[in-house]
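Residue numbers (this note's numbering): 1 to 279.
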Ligand code: FE
Ligand code: FE
Ligand code: ZN
């Protein structure tokens, strides 16, 4: 099985350019924001770019991409207009994914309960997913594990599965595990990776896990902060992250770096190092 590794890239110059950027740094997948991460309107899809993108992928054998929803979306908001905006954006993004590349992954932050408590938020998030998921959709929607900053929902595996359990088309839903987030959320993936994965399997089921965000953390385990760090420069460290990309239960998943770098060479170095670590 090939090592599917990439990083977050900009699609400002189009999808084909992003795929070429990925290939230039040794990646065979990439993640992108579907639109300005703070929300707003998505750029019109360009059929010429999409055809070019398909050619680049075919030539490079790129079979996996991951879209990321704007992180400001909150389908659990107390404001009806914020919920409505989240709903419209999710529905629009999912429709666009069918045109960009069918059969791929679309990741979202579940939301924030903003004082209503996680239970009420979980109901609202599930209701939003029930409104936007379509039976004929080929895209799998992923809920990202969160650090538990502020009133974020999805810090615990229990909260994630509570959402999935309320979704009718649960076959279209999976989970993206962010190493910085689970660490900040209190799961010790350094000292007890095995125990964390056992817990994930018992609570959610490892069959739901479809992608990994591979990040080091600027903070200790349980800090609830969500500040990503370059690999090996944070509290998680390279060895623990290498153990993750080599773990039998995880090694065939796609991995995405969301580490802070000023240019592509920072990602190229991390990708090369991770490839070298693969046993
Ligand atoms: Fe994210
Ligand atoms: Fe992430
Ligand atoms: Zn994060």
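For glycine and all other residues, C-beta sits at the position ideal for the given N, C-alpha and C. Note that the structure is predicted; figures quoted are calculated from it, not measured.
Your pair residue 154 and residue 168 does not check out as a contact, with CB atoms roughly 20 Å apart and the cut at 8 Å.
As the crow flies, the alpha-carbon of residue 21 is around 10 Å from that of residue 29. When the five nearest sequence neighbours on each side are left out, the beta carbons in the same chain lying within less than 7 Å of the beta carbon of residue 278 are those of 3, 245 and 246, in order along the chain.
66 is the residue among 52, 46 and 66 whose C-alpha sits nearest the C-alpha of residue 32. The stretch 85-94 makes no contact with the stretch 113-123: fewer than 3 CB pairs, one atom from each, lie closer than 8 Å. Runs of the beta strand (DSSP E) spanning 3 or more residues and lying entirely within the stretch 165-214 occur at 173-178 and 209-214, in chain order.
Secondary structure of residue 87 (DSSP, three-state): helix. Here the distance from the Cβ of residue 226 to the nearest heavy atom of ligand 3 is below 6 Å. In this chain, the alpha helix (DSSP H) harbouring residue 125 covers 118-132. Judged by beta-carbon spacing, residue 25 lies within the 7 Å limit of residue 268, meaning their Cβ atoms are closer than that value. Of the candidates 103, 111 and 260, 260 places its Cα closest to the Cα of residue 180. If you draw a straight line from the Cα of residue 113 to the Cα of residue 220, it comes to about 24 Å.
For residue 265, the three-state secondary structure derived from DSSP is helix. Here residue 214 is near residue 257, since their CB atoms are less than 7 Å apart.
Here the alpha carbons of residue 14 and residue 63 stand approximately 18 Å from one another. Around the CB of residue 48, fewer than 16 other CB atoms lie within 10 Å, so the residue is classed as exposed. For the set 78, 82, 45 and 124, the Cα lying nearest the Cα of residue 98 is the one of 45. For residue 107, the uninterrupted beta strand (DSSP E) segment begins and ends at 105-108. Minimum Cα-Cα distance from residue 238 among the listed residues 273, 212, 254 and 266 corresponds to 273. Counting of Cβ neighbours within 10 angstroms places residue 140 among the buried residues, the total reaching 16 or more. Cβ atoms of residue 35 and residue 80 stay farther apart than 8 Å, at about 22 Å.
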